[in-house]
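Let me begin by presenting the structure, written as structure tokens, before commenting on it.
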Amino acid sequence: EKGTYPHFMLKEIDEQPFVIRNIIQKYQDENDNIMLEEGIRNAIKEADRLYIIACGTSYHAGLVGKQFLETFAKIPVEVHVASEFSYNMPLLTEKPLFIFISQSGETADSRAVLVQVKELGYPAITLTNAPGSTLSREADYTLLLHAGPEIAVASTKAYTAQIAVLAILAVDSARAKGLHIPFDLTKELGIVANAMEVLCDSKEEMENIAKEFLATTRNCFFIGRGIDYYVCLEGALKLKEISYIQAEGFAGGELKHGTIALIEQGTPVIALATQEHVNLSIRGNVKEVVARGANPCVISLKGLEMEGDRFVLPSVLEAFSPLVSVIPLQLISYYAALHRDCDVDKPRNLAKSVTVE
Ligand code: F6R
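For reference, each letter of the sequence shown is one residue, going 246 to 602 in UniProt numbering.
Structure below.
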């Protein structure tokens, strides 16, 4: 039920603070200990490398998850698009563990890989929103998103839920290895949920950005470095799938190797600046595109903001910035689609779960 919302997508964007709080509750006991199936812990402990397999938005969440698992838990991770992996399997390590990320749990491309992996005898975990789904039933273990049904074709709350559960998994795996985590997970995720709420209350601002930058444009670029780059991929996917604006997410440093040729007078470039160690370099990229006529919209994290930034995100742990920086991108896409008279919840040519390979 949409209730008073004009679209499921807007409702689901607004549910994100609640979903994060719900995930904290479902995965932690009253003493803030993480509750995970022992089998999952052991599977991760025994693995020498994790292979994350997913499609679309879930793949983008996987890229962020890799960052968590490698930096917090020091476990090597590869992230693969399911449709490519199935016929172009990389050389696997001796003890691989597969993590399938799928909101629906029914995506045929991901399932094809799961079937292959099971034939090879390797263990698999499915991270899904749908407990009874095919991918959940056919994997050894399931991690649930607890995000509630996602109806809009464009995935929003499932993406942030996937990232939150991957953060919990990474912190738990780090602790299991005796590694020190320099922050309080419950507290930091709580701060994220509060920040999400502030962003969900910034709809007017986002609508203005959509009107100013995207009302008539043919294309749009999203640039970022590191984890911001991964969020840019997701921002671009969201924009193209519902507004039909040609959009691309680029690693800031990669622009000059070709793509910058596409920048013309007035081309919108949305830049994310949430990471201190690359703040100056992404600012440099913004200058490069502005010099070629781009219309820049910089979204920065509080503490890293500079003069001229279009929007400043509330302060959160830098590592968790994808959970908040994606919300303006979701909202901007929503309003861009709305003002271009697109069918927000049911974009052309797309289905909610893709059950063909
Ligand atoms: C984009 C979107 C798709 C899905 C992809 C995988 O908004 O929804 O890219 O993320 O089709 O779907 P699941 O996660 O159900 O396997």
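Note that beta-carbon positions come from the ideal geometry of N, C-alpha and C, so glycine has one too.
Asked, Found
"Just list the beta strand (DSSP E) runs in the segment 487-553, keeping only unbroken ones of 3 residues or longer that don't cross its boundaries, in chain order.", "491-496, 513-518 and 540-546"
"What residue range does the alpha helix (DSSP H) around proline 567 cover?", "566-584"
"Could you check whether the Cβ of alanine 582 sits closer than 8 Å to any heavy atom belonging to the ligand F6R?", "no"
"By DSSP's criteria, histidine 325 is part of a beta bridge. Which residues make up the other side?", "Ile298"
"Select from Ser347, Leu337, Glu275 and Asn333 the residue whose C-alpha is nearest the C-alpha of alanine 292.", "Leu337"
"Output the residue ranges of the beta strand (DSSP E) runs that lie fully inside the UniProt domain \"SIS\" (285-424) and measure 3 residues or longer, sorted by chain position.", "294-299, 322-326, 341-347, 369-373 and 386-389"
"Buried or exposed: asparagine 530, going by 16 or more other Cβ atoms within 10 Å of its Cβ?", "buried"
"Please confirm whether alanine 318 and serine 418 have their CB atoms less than 9 Å apart.", "yes"
"Does the pairing of the segment 355-366 with the segment 395-415 give three or more beta-carbon distances under 8 Å?", "no"
"For asparagine 453 and isoleucine 490, which I take to be in contact (beta-carbon distance under 8 Å), what is that distance rounded to the nearest angstrom?", "Not really, about 17 Å apart at Cβ, beyond 8 Å."
"Mind checking whether the beta-carbon of valine 324 lies closer than 8 Å to any heavy atom of the ligand F6R?", "no"
"According to the Cβ coordinates, are glycine 511 and threonine 462 closer than 9 Å?", "yes"
"Should isoleucine 346 be listed as close to the ligand F6R, given that the test is whether its C-beta is under 8 Å from any heavy atom?", "yes"
"Would you report the Cα separation of serine 526 and methionine 551, rounded to the nearest angstrom?", "13 Å"
"Determine the direct distance from the alpha carbon of proline 427 to that of arginine 266, and round the result to whole angstroms.", "21 Å"
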